[in-house]
Structure formats: structure tokens, C-alpha cells
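Participant: My questions all concern the structure below.
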Amino acid sequence: MAEVLVVEDDADIREVIAFRLRQDGHTIHAADDGAVAMTLLQSLRPDLVVLDWILPHISGVELCRYLRTLPGMEQVPVLMLTVRGEAADMRRGFGAGVSDYMTKPFSLHELSTRTQALLAQAAMRS
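So that you can map any letter, position 70 of the sequence shown is 70 in the UniProt record's numbering, and since no number is skipped, the others follow by simple counting.
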């Protein structure tokens, strides 16, 4: 179905996200910090990015801003999945180019629903 980059520093959460999205038929690429994700994005062009805010080395917000500067990545949906749920945090995330926002703890059903919706919206734009 789609290639998804999951950027999450907590190994257990990263594996749960990857497992669920694989169940949905997606190919998963994973990174445990922002710097690794930046390196992956030099060669990988995912259809969707699931991104934590709080990461080692480079924050999810900084990574999203970087991603938006890459050719062909301007419209790739980014789902921010984070413990930072304050309205100001959400505004900052959306201002950086985040497409959708979920707070932890999260429902796997909601994760699946939102990723499918983001991918469907992206397909309609292209």
C-alpha cells in the first residue's frame, strides 16, 4: 500500500506503531532519532511520516521543517504523535508543516484511521 517512515525514540512504541501499520498493509521504515531520520530522507521518499516531537538530536518539529524543504516532500502527510498536547504545541506543530496531530497515549484504531485518511487525502491531491 504505502511506504511509511516512523520516527519514534521509544522502541516499544515504535514497534507497536510499526506492527499496526504493517497489519494495515504498509511498508515500514523506522528511525529512533531525528538525525537518523534526516539521513534516511536523503534516499527515502515515504508516502507518510509518523513523527514524535521529543526526539534525541533533532526535534520532530525541526525534522518536519527540514522535510518540507526537500524536493517532492512538500505535500507528504506528517502525523505528529506526541505527549505534547497543549494548544500552543499543536499550533507550533501545524506551523512547522504537520498535517495531523495525535497525543499519547493513543488508540491503535485511531492511528490506523488517521493514517488511512491522510494517505487518501494525499492521493486525491496527486
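Glycine included, every Cβ here is placed at the ideal spot set by N, Cα and C.
#1: Give a yes or no on whether the C-beta atoms belonging to V36 and V7 are separated by under 9 Å.
#2: Got a sec? Which residues, its chain only, sit under 8 Å from G85 by beta carbon, not counting five neighbours each side?
#3: What ranges does the beta strand (DSSP E) occupy inside the UniProt domain "Response regulatory" (3-119), keeping only unbroken runs of at least 3 residues that lie completely in it?
#4: Which class does M1 belong to by DSSP, given the choice of helix, strand or coil?
#5: Using a Cβ-Cβ cutoff of less than 7 Å, which residues in the same chain neighbour I28 once the five nearest sequence positions on both sides are dropped?
#6: Give me, in chain order, the residues of the same chain whose beta-carbon lies closer than 6 Å to that of G97; leave out the 5 immediate sequence neighbours on both sides.
Facilitator: Straight from the coordinates:
#1: yes
#2: T103
#3: 3-7, 27-31, 48-51, 78-82, 100-103
#4: coil
#5: V4, V6, A18, L21, R22
#6: C64, R68
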